[in-house]
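One structure is given here, and the rest of the page talks about it.
Protein chains in written order, with our numbering: chain A, 3 to 756; chain B, 1058 to 1721.
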């Protein structure tokens, strides 16, 4: 096999790169001659085939291949691809004696009919690269130790503020193991994350469209990715910024100034009270709380209220509900164990989560206790996690997604297409769980979790290689059979310099409170999905680590920021903002919160199996209660995955029908102790009752117009029955209040946290 | 009545064949659910104050003409004149505080036990209206509050405290046979949650004067009579709680005083010890590995046993022994020679749960050298929990045994030694006229003891006799059979008996009395959410019942048989039947592993005799002593409570001891 010397090409590429960069500023896209040089299968041919789309997921790169020709996805398995290209079907795809006659080229260039259309133009660099490789006898340098191995790629420029409609030529430079750099722009796949905001041509020229905002453009060459981020500012004047409460506001406001987007004003007290109480305690403020908060003239009353919420059991209920779903605390799907046998474990696990949050257990300790849980559920409730997360695959993927914010699933079968994670990374992470063993006990559905006394190794699915424990590209840990590798994993997570752990959780909590992650989706942190405010994410993570992984501190910092307390109503400039946090992004109440809010507003109690009377939906321990039509309709997650995307927050016809005509809703109204009390209360005026109702529902007092309309409706209702019929009058009054209650609870102001 | 048991074709067995003494082994009894068999479901309240008389009520089945029988003579119940299920229990002043068994003895025999606890604190009834904090029940303490959880309801108690006082709040339930799984939540007077405990004791020290509020409910919001409790509120004691020794069959003591561990005793700094010895330590802090080293000569034998999980602790110890050495470069090496994890697998579940996670095993030095023990708790991954303690016993081989006896339920769904099958039925042992009554006996062998154990029963009434049974050196379990006199001679009786085993160990006769294990609640099906639970009872009781004589008897010669390994044995039976039991039925042999696949013996209708030939070769039994018996099911009609019922009854032969020796 010939060996390749990259130097001539490198020099050429460097010159070419410089020239291209210079000319790129003018958007030039000159054609380039292909150098007569030895072609590298790995560094030239495979990237070319990726660039032309041959090995994409929709073509030959899908798991089953396409029309009998299979390539690895995006060329992540070059040895396999070499076999398929050169040897499969008796080598009919390549003809070294007449390279242009190779099926690979005739199909690719459309000379022979090709289902995928014309992908190669004769005479282009891509075409010539493949032709030359065939002409040179299809050299295979996959295992050549002297081949220059790609180390990293860099996109130039990395960030830029651009005007609407402007273009920017990107240059992708690869760094190889022999130290040389090369311009690989032509072989690099370059595409925007948000196709509606920008486009990229075949030469790497990015053109932004007419939208304001940030757009990330991903560049992928071989198994490396890099990102260019363009910001298209609005350009409005940003003056009179709200007061800065903490470092969050400094970062957010600076970015708003940069993009020229003035923030909304700070919300009023009633809005803040309702918002933060719903977010942190999962409930509406009571009437007395709303009145007291309104009457409180202290300058720090918002901070004091946040502190009070954080000390309440309802804070623990709310966040336990969140974590319980993500940690798959659910009934069923375990072989030979009926659902009811899981009640105890699920309740205990939920109780452990809630207690951890109530006692403000440091988050690193919380995760340590979860990952290293051993023994029986009765002694160690977090072993319930291992009851549900049973396989090594689930343990790898849930751990990465939950605590690193990384969706590593793709790397189970192939190199992650949008990330740097390989199958080695995947199964090396799995090695931390390789010792996990289960021993059944004499009790139904009970098992003992413990580490087997074996070397912790992960088995590479493709190569069968035994891999030592290694977390996300770190050095493999020399662990022995007497080490519980899960402890080593917990230690790595809790290391203050861990680049993932703190970021992942602060981003999660940011998403919970701001309704969009700094990285969004919040559990998909990757180079190609960059944060909207990278410095802020770093600062939040650093602050969280400094606080000792204090979750209450984190919520306190977030909710005390002016950014959190901005009004949801847009100003003249930020109505379209869904990115810069220039206003509070209103959202529909989560199913459990809405259910409890309706009960609180109407005066009703929840009644759930195996729960004491008065239990709120927010306190339910597992998914078994989702059979309730309300919770299901409004998207309570089923705890079947570690993804927060299970919670459905979109609107549906079912929800509308539920609010409008369901027997459940009707039942809430007819059984409403509030409507009954209002109807029977002859001492208070309708206006006084409306004040109570509005404080219950909205934490504010009704406007004069609202009072006027409501009073008119109530009067009309009563007047519609004979004044002489006392029973009919009573019924009409009662029905009138039920109607008012219904309209209140169906209103956007009620259904949304704003 | 005589019967014939013949021994197989082996000529050596001719002497045995000649010695055909028949014993009337009869019977059977057994029963379908319709044959009365007393069960005591509940006694409430389940305790009282020493020196006082407590009115109690019982519920159960087949408890006609009930009397209460306690395991302490100082507890005496007097029946209520009006209600046969109510009693006044007088607790004599000399009765020590503690928990005692109470059973019902009546027309149909004696029941399973329930717990009755006596103490010194004033006793109160739970106020069943105190479901809100605002109307919490005042709980001036020390006190014991007896109550029953209600479905989806929470009881509230107001507990007065003064600053600095420490209170212990213990909702006793499972230890009293209750199904309740108590959840206790303590709040301050402002409604702030202070602490919660899931089936655990709350210890709380008041930081200020003022009441605290206790919420009590079932963890899964269950309620009903089976979910009773005794809420004990008292001054917290700093004294360590004694280990629950009652749950142990063996105490792994070397007889030497235990030596506390001295830190550091980690792998790099193992503590030097000289066996035999007993060591006490803690798995503390999280991840702690305790290490000891000792010198041994080739051939030295030591038995190593850890006691930790059996103390009710949430531990899972692992013990590793390694031979220390040095490699060519002088670096210390440690080569595995022994890994011990759990205790031996013990039969008997779910009636007896003798399995545990404490390592037990034999160390035998293969060469002279220094050996290092590494002892860790696999569960000790994150909590610095000082409760995680252990005792490590390193002793000379001390063979011994212990016995556990269990009544066999009157019905069974699964053949084999574990006669209770998938369904768990709480019960006592009751014998009827002419009946052959099996008692399930498990032998737990220590330090590799492989000697024979002869079983018998003591304290039997005159009308009942025990048929000798021997547990061979490999056997872990068998049935001990009691035989009752015929209906014309029998007299009703209820009392405590002893199941005893004798063995010769190192030339000395060793006698041990069996402990009694009992399931706590009926479990109706294997997929029930209720898990079977068992506990030790304080005595083994027997009821002799004059009702419902069993009409079918299977007699077999009980004289021991001597034959050679791999031979065939013939068993001959005489069948006696009466009443409405006339159809053909089947018998099947039991007693050693492998008999599950043995053919059944068809006993034709009207047959008075039957024979069964058992080929020992497939069973691969080696030299030793084995006990066989036969069991079948007979169908017919029997008068039960004055009514003729269709019944299926179990029929047992008595035991036959077979001694196998090697062929010449």
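Glycine included, C-beta positions come from ideal geometry on N, C-alpha and C.
message: Helix, strand or coil, according to DSSP, for residue 747/A in the structure here?
response: If you number the first chain from 1, residue 747/A lands on position 745. DSSP, reduced to helix, strand and coil, places residue 747/A within a helical segment of the structure shown.
field: Closest by C-alpha distance to residue 1237/B, when choosing among 1257/B, 1155/B, 1517/B, 1267/B
entry: Counted from its first residue, the second chain places residue 1237/B at position 180. Considering only alpha carbons, the answer is 1257/B.
- request: Just tell me which of 1378/B, 1386/B, 1268/B has its CA closest to the CA of residue 1223/B.
  value: Against the second chain, residue 1223/B aligns to sequence position 166. Across the set 1378/B, 1386/B, 1268/B, the C-alpha of 1268/B shows the shortest separation from the C-alpha of residue 1223/B.
message: Within 8 Å, do at least three Cβ pairs link the segment 1483-1500 of chain B to the segment 1603-1613 of chain B?
response: Contact between the segment 1603-1613 of chain B and the segment 1483-1500 of chain B is present, because at least three Cβ pairs lie under 8 Å.
field: Interface flag, residue 1369/B vs chain A, CB-CB below 8 Å
entry: The count along the second chain starts at 1 and reaches residue 1369/B at position 312. By this cut-off, residue 1369/B is not an interface position.
message: Between residue 747/A and chain B, is the shortest Cβ-Cβ distance under 8 Å, so that the two count as touching?
response: Taking the first residue of the first chain as 1, we reach residue 747/A at position 745. Residue contact check for residue 747/A against chain B: no CB pair falls below 8 Å.
- request: Measure the alpha-carbon distance for residue 1148/B versus residue 1230/B and round it to whole angstroms.
  value: Indexing the second chain from 1 puts residue 1148/B at position 91. Indexing the second chain from 1 puts residue 1230/B at position 173. Straight-line measurement puts the Cα of residue 1230/B at about 21 Å from the Cα of residue 1148/B.
task: Could I get the ranges of all uninterrupted alpha helix (DSSP H) runs contained in the segment 345-376 of chain A, with 4 residues as the minimum, in chain order?
output: If only uninterrupted alpha helix (DSSP H) runs of at least 4 residues are considered, those enclosed by the segment 345-376 of chain A are 345-360, 365-373.
message: Output needed in chain order: residues of the segment 1201-1221 of chain B with a Cβ under 8 Å from some Cβ in chain A.
response: Residues of the segment 1201-1221 of chain B with a C-beta less than 8 Å from any C-beta of chain A: 1209, 1210, 1211, listed in chain order.
Top-ranked residue by Cα proximity to residue 281/A, from 308/A, 722/A, 291/A: In the first chain, the residue the question calls residue 281/A occupies position 279. Comparing Cα-Cα distances from residue 281/A to each of 308/A, 722/A, 291/A, the minimum goes to 308/A.
query: What is the DSSP secondary structure of residue 313/A, counted as helix, strand or coil?
result: Residue numbering aside, residue 313/A sits at position 311 when the first chain is read from its first letter. DSSP places residue 313/A in helix when its eight states are reduced to three.
- prompt: For residue 164/A, which residues of its own chain have a beta-carbon under 6 Å away from its beta-carbon, when the five flanking residues on both sides are left out?
  reply: Start at 1 with the first residue of the first chain, and residue 164/A comes out as number 162. In the same chain as residue 164/A, and ignoring 5 residues on each side of it, the C-beta atoms closer than 6 Å to its own belong to 210, 232, 234, in chain order.
task: For residue 412/A, name the three-state secondary structure that DSSP assigns.
output: Along the first chain, one-based indexing puts residue 412/A at 410. If DSSP states are grouped into helix, strand and coil, residue 412/A belongs with the helices.
message: Mapping the DSSP letters down to three states, classify residue 1200/B as helix, strand or coil.
response: The residue given as residue 1200/B occupies position 143 in the second chain. The DSSP-derived three-state label of residue 1200/B is strand.
task: Using a Cβ cut-off of 8 Å (strictly closer), state whether residue 374/A contacts chain B.
output: As a working mapping, residue 374/A is identified with position 372 in the first chain. So yes, residue 374/A belongs to the interface.
- request: To the nearest angstrom, report how far apart residue 1693/B and residue 1643/B are at their CA atoms.
  value: As a working note, residue 1693/B is residue 636 in the second chain. As a working note, residue 1643/B is residue 586 in the second chain. As the crow flies, the alpha-carbon of residue 1693/B is around 14 Å from that of residue 1643/B.
Delimiting residues of the beta strand (DSSP E) encompassing residue 223/A: Position 221 of the first chain holds residue 223/A. Note, residue 223/A: beta strand (DSSP E), 215-223.
Range of the contiguous alpha helix (DSSP H) that encloses residue 394/A: Locating residue 394/A in the first chain gives position 392, where the first residue counts as 1. Taken as a continuous stretch (DSSP letters only), the alpha helix (DSSP H) holding residue 394/A covers 394-401.
- request: Could you list which residues in chain B have their beta carbon closer than 9 Å to that of residue 350/A, in chain order?
  value: By one-based count along the first chain, residue 350/A stands at place 348. Residues of chain B passing the Cβ test: 1255, 1276.
Residue range of the alpha helix (DSSP H) that includes residue 257/A: Looking up residue 257/A in the first chain gives position 255. Start and end: 249-261.
- request: Please compile the residues from chain A whose C-beta is within a distance smaller than 8 Å of the C-beta of residue 1407/B.
  value: Position 350 of the second chain, counted from the first residue, corresponds to residue 1407/B. Those within 8 Å of residue 1407/B in chain A are 444.
message: With distance defined between alpha-carbon atoms, name the residue in 294/A, 748/A, 351/A nearest to residue 1277/B.
response: The residue you call residue 1277/B lines up with position 220 of the second chain. If we check each option's Cα against that of residue 1277/B, 351/A comes out closest.
- prompt: Between 716/A, 88/A, 753/A, 286/A, which lies nearest to residue 735/A when the distance is taken from Cα to Cα?
  reply: Residue mapping note: residue 735/A aligns to position 733 of the first chain, counting from 1. The option with the nearest alpha carbon to residue 735/A is 716/A.
task: Check the Cβ-Cβ distances between residue 450/A and every residue of chain B, and say whether any is below 8 Å.
output: The count along the first chain starts at 1 and reaches residue 450/A at position 448. Among the residues facing chain B, residue 450/A is included, as its CB has a counterpart in that chain under 8 Å away.
Residue 103/A burial status per 10 Å Cβ neighbour count (16 or more: buried): As a position in the first chain, residue 103/A is number 101, starting the count at 1. The residue in question, residue 103/A, is exposed, as its Cβ has fewer than 16 Cβ neighbours within 10 Å.
- request: Kindly indicate which three-state DSSP category residue 1158/B falls into: helix, strand or coil?
  value: Along the second chain, read from residue 1 onward, the residue named residue 1158/B stands at position 101. Taken through DSSP and simplified to helix, strand or coil, residue 1158/B comes out as strand.
message: Give me the chain A residues within the contact set of residue 1373/B, using Cβ-Cβ distance strictly less than 8 Å, ordered along the chain.
response: Position 316 of the second chain holds residue 1373/B. For residue 1373/B, the neighbours in chain A by C-beta distance under 8 Å run, in chain order, 376, 377, 450, 452.
message: Looking at residue 1322/B: is its Cβ nearer than 8 Å to the Cβ of residue 1206/B?
response: In the second chain, counting from the first residue as 1, residue 1322/B sits at position 265. In the second chain, counting from the first residue as 1, residue 1206/B sits at position 149. Not closer than 8 Å, so no.
message: Any contact between the segment 1625-1632 of chain B and the segment 1174-1194 of chain B? By contact I mean 3 or more CB pairs, one from each, below 8 Å.
response: No contact exists between the segment 1625-1632 of chain B and the segment 1174-1194 of chain B.
Contacts around residue 337/A, its chain only, beta-carbon distance under 8 Å, and the 5 residues preceding and following it disregarded: Start at 1 with the first residue of the first chain, and residue 337/A comes out as number 335. Cβ neighbours of residue 337/A beyond the five flanking positions: none.
message: Using a Cβ distance threshold of 8 Å, determine whether the segment 1148-1165 of chain B contacts the segment 1590-1599 of chain B, with at least three qualifying pairs required.
response: For the pair of segments examined, the segment 1148-1165 of chain B was found to touch the segment 1590-1599 of chain B: the number of CB pairs separated by less than 8 Å reaches three.
- request: Report the three-state DSSP secondary structure of residue 1653/B (helix, strand or coil).
  value: The count along the second chain starts at 1 and reaches residue 1653/B at position 596. The answer is helix: DSSP assigns residue 1653/B an H, G or I state.
message: My output table needs one value for residue 135/A: the three-state DSSP class, helix, strand or coil.
response: Here residue 135/A is taken as the residue at index 133 of the first chain, counted from 1. The answer is helix: DSSP assigns residue 135/A an H, G or I state.
message: Mapping the DSSP letters down to three states, classify residue 423/A as helix, strand or coil.
response: One-based indexing of the first chain puts residue 423/A at position 421. DSSP places residue 423/A in coil when its eight states are reduced to three.
- request: Please list, in chain order, all residues of the same chain as residue 1555/B whose beta carbon is under 8 Å from its beta carbon, the five residues on each side excluded.
  value: Indexing the second chain from 1 puts residue 1555/B at position 498. If the five residues before and after residue 1555/B are omitted, its C-beta is found closer than 8 Å to the C-beta atoms of 1514, 1515, 1516, 1570, 1571, 1597, all from its own chain and listed in chain order.
query: Buried or exposed: residue 89/A, going by 16 or more other Cβ atoms within 10 Å of its Cβ?
result: Taking the first residue of the first chain as 1, we reach residue 89/A at position 87. Around the beta carbon of residue 89/A, fewer than 16 other beta carbons lie within 10 angstroms, which makes this residue exposed.
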